[in-house]
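Student:
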Amino acid sequence: MTVANRIVLSSDHADIAMRQAIAEHITARGYQVVDIGPMTSESTHYPKHGEEAARMVASGDCDLGVILCGTGQGIMMAANKVDGIRCGVCMDTFSARMIREHNNANMLSLGARVVGMGLALEIVDAFLDAEFEGGRHATRVDMITEIEKSQAGAKSGIRGWFS
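If you want it as C-alpha cells, here you go:
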C-alpha cells in the first residue's frame, strides 16, 4: 500500500471556502496539507494555480493534489500540461475512485460550482482512499506516458526524425 502524506491544494479565487473545508477535512484524516492558495477572493487566474500545484506533485514535493475552479475543467487542463501529471475532474465518488485505481491519477480536480460541499468531501475521500491496481492498467498508464514523452520530442522538432 502506497501512503500519500502530503497533499497540495489550490484553487482560483471563486473556490476558497470549499478548498479550506477540504483542507480541514483531510488534515483531520491525518494528511499534511500544503495549501498554496489563493488566500483572498481577489480575482486570479486558474491556469497558474493548476500549474503550481501540478509542479509540486510532479517534483515529489507533494504526493497528491486536489485543485478547484468553477467547473474543475480549466484548472485540470492546466495541471495536465505538466509532465507526469494525471489529473481528472470528478463529480461523483465512483469516478474519483476509478481515476486512482485504473488511471493512477495523482491529482483530482473539482468544480466548486458543480458539486456541493458534502459531495466534494466524499469525492476527495474516495480519491484518497483508492489505490492504483497496476496490472493491465499499468500498461495503459505507460502508454499515456509514452504519448507525453513523444510530445516533448515534437515540441523540440525532433519527433518526425525518429518516429
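Going left to right, the sequence shown walks through residues 1 to 163 as the UniProt record's numbering numbers them.
All residues carry an ideal CB built from backbone N, CA and C; glycine is no exception.
Please work out which residues of its chain come closer than 6 Å, Cβ to Cβ, to G84, disregarding the five sequence neighbours upstream and downstream, and give them in chain order.
Tutor: Along the sequence shown, one-based indexing puts residue 84 at 84. Within the same chain, G84 has close Cβ partners A58.
Student: I67 to S41, Cα distance in whole Å?
Tutor: Your numbering for residue 67 matches position 67 in the sequence shown. Your numbering for residue 41 matches position 41 in the sequence shown. Their backbone Cα atoms lie some 16 Å apart in a straight line.
Student: Measure the beta-carbon distance from V114 to G72 and round it to whole angstroms, keeping in mind my assumption that it falls under 8 Å.
Tutor: For the purposes of this step, residue 114 is taken as residue 114 along the sequence shown, with counting starting at 1. For the purposes of this step, residue 72 is taken as residue 72 along the sequence shown, with counting starting at 1. About 7 Å separates the two Cβ atoms, so the contact holds.
Student: Going by the CB atoms, is the gap between A23 and V8 shorter than 8 Å?
Tutor: On the sequence shown, residue 8 is found 8 positions in, with the first residue counted as 1. On the sequence shown, residue 23 is found 23 positions in, with the first residue counted as 1. Contact flag unset, no.
Student: What are the boundary residues of the alpha helix (DSSP H) that includes S109?
Tutor: Stepping through the sequence shown from its first residue, residue 109 is reached at position 109. Premise fails: S109 lies in the beta strand (DSSP E), M107 to G111, not in any alpha helix (DSSP H).
Student: Would you mind reading off the limits of the alpha helix (DSSP H) that contains V82?
Tutor: Counting from one through the sequence shown, the residue named residue 82 turns up at place 82. Careful: V82 lies outside any alpha helix (DSSP H) and carries neither H nor E.
Student: Three or more C-beta pairs closer than 8 Å, one from the stretch 41-50 and one from the stretch 132-141: is that the case here?
Tutor: no
Student: Hey, quick one: how far does the alpha helix (DSSP H) through V124 stretch, first residue to last?
Tutor: Residue numbering aside, residue 124 sits at position 124 when the sequence shown is read from its first letter. Counting along the chain, the alpha helix (DSSP H) containing V124 begins and ends at M117 to D129.
Student: Output needed for R97: all residues of its chain with C-beta closer than 6 Å, excluding positions within five of it in sequence on either side, in chain order.
Tutor: Mapped onto the sequence shown, residue 97 falls at position 97. A126 and A130.
Student: Taking only three categories from DSSP, how would you classify D92?
Tutor: The count along the sequence shown starts at 1 and reaches residue 92 at position 92. Coil.
Student: Take R55 and list the residues in its own chain whose beta-carbon comes closer than 7 Å to its own, dropping the five residues that flank it on each side.
Tutor: Numbered from 1 along the sequence shown, position 55 holds the residue referred to as residue 55. Excluding positions up to five away in sequence, the list reads V82.
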